[in-house]
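From first to last, the protein sequence lines are chains A and Y.
Numbering-wise (the numbering used here), the first sequence opens with residue 982 and increments by one.
Numbering-wise (the numbering used here), the second sequence opens with residue 1009 and increments by one.
Ideal Cβ positions, reconstructed from N, Cα and C, are used throughout, including at glycine.
Following: one structure in structure tokens, then a few remarks.
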Amino acid sequence: MGGDELLIRKAVAGDAAAFGLLVRQQQSKVRGFLRRLARGDAALADDLAQETFLEAWRKIGQYRREGSFGAWLCGIAWSRFLMELRRRKEEPVEDIGDTEGSDPRSAADARLDLEKAMARLAPVERAALTLCYALGHSHGDAAEILGLPLGTVKSHVLRGRERLRTMLETP
Amino acid sequence: MTDEALDDLLSQPLADVADDGFSSRILAAVTAAEARRSRITIWATALGALCIAPFLPLREIGAIMTRTGPVLANSLAMSIAAAALILTFSLAQRLRE
Chain A
982 MGGDELLIRK AVAGDAAAFG LLVRQQQSKV RGFLRRLARG DAALADDLAQ ETFLEAWRKI
1042 GQYRREGSFG AWLCGIAWSR FLMELRRRKE EPVEDIGDTE GSDPRSAADA RLDLEKAMAR
1102 LAPVERAALT LCYALGHSHG DAAEILGLPL GTVKSHVLRG RERLRTMLET P
Chain Y
1009 MTDEALDDLL SQPLADVADD GFSSRILAAV TAAEARRSRI TIWATALGAL CIAPFLPLRE
1069 IGAIMTRTGP VLANSLAMSI AAAALILTFS LAQRLRE
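If you want it as structure tokens, here you go:
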């Protein structure tokens, strides 16, 4: 039995300390994912991450060991993010985001360019691209996390990727 | 931009986010929530017991216990059952550790 599996079993049995260790392992991934979804708003991302982990603790009995624990957490994080979007009634999930902003090529750092360009994508495209590339999940995992059909996720990835390419290439 | 360059850029791992007490805050919130939940459970159980206590046939239960208590205490089957319970509990404790 792997260390993570043991920690998960203990957490499912109600061991808060084991859950604390899982939080320590996963916090960077979940907060990083949420920061990208929240277009770099670290305070909002951290609030959502806190809600994500507290919800995970309440629902840990429902965790099925089919996917990774990190993927399960990302699924909760995504639903928390969607709730926040609906609460704020801004930035529809499927629509492209704010198209104003600085020229993505003006920054020297390619990573900064990428973050700026990512911020201009629709939230669902940002999520799909981040899950499939930066976090290394399969399209199937991403579909499970986002609660979307596989084909829809694939098209979000393709469309988001092409939009990014255009933004990164346009002077 | 080539497909390869774009894929490389997209595949860069997300920047590490320093913990800075985040995990401790979550653990504190979880512990507080658990304490609150167990307080609520204790109070609800106590309240439920208080509500049904007047309706229990306590005198009859006492009489039955007086009659059957010595018989059960001297019963081999009960001794075996008690030993099995203790062993199961000890094993479960050790497995949890």
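Which residues in chain Y have a C-beta closer than 9 Å to the C-beta of residue i? List them in chain order.
i        : result
Q1031(A) : F1030, R1033, I1034 and A1037
What are the boundary residues of the alpha helix (DSSP H) that includes residue i?
i        : result
C1059(Y) : F1030 to I1060
I1041(A) : It is not in any alpha helix (DSSP H) - I1041(A) carries neither H nor E in the DSSP assignment.
V1079(Y) : L1066 to A1081
M1064(A) : F1050 to R1069
Mind listing the chain A neighbours of residue i? Cutoff is C-beta to C-beta under 9 Å, in chain order.
i        : result
L1093(Y) : Neighbours of L1093(Y) on chain A: none; closest Cβ ~20 Å, over 9 Å.
L1099(Y) : Near L1099(Y) there are no residues of chain A at all, since even the closest Cβ is about 15 Å away, more than 9 Å.
R1104(Y) : K991, A994 and D996
Using a Cβ cut-off of 8 Å, pull out every chain Y residue sitting near residue i, in sequence order please.
i        : result
F1014(A) : L1022
S1136(A) : Under the 8 Å cutoff, chain Y gives no residues; its nearest Cβ is about 16 Å from S1136(A).
R1017(A) : L1022
With H, G and I counted as helix, E and B as strand and the rest as coil, what does DSSP make of residue i?
i        : result
R1020(A) : coil
D1094(A) : helix
Q1007(A) : helix
P1130(A) : coil
R1101(A) : coil
T1033(A) : helix
A1023(Y) : coil
A994(A)  : coil
Cβ of residue i less than 9 Å from any chain A Cβ?
i        : result
A1041(Y) : yes
R1047(Y) : no
L1017(Y) : yes
M1009(Y) : yes
Under 8 Å Cβ-Cβ, which residues of chain A neighbour residue i?
i        : result
L1014(Y) : R1142, L1145, R1146 and L1149
Quick one: does residue i have its CB under 9 Å from some CB of chain Y?
i        : result
G1117(A) : yes
V1004(A) : yes
List the residues of chain Y whose Cβ lies closer than 7 Å to the Cβ of residue i, in chain order.
i        : result
W1053(A) : The premise fails here: W1053(A) is roughly 16 Å from chain Y at the closest Cβ pair, so nothing lies under 7 Å.
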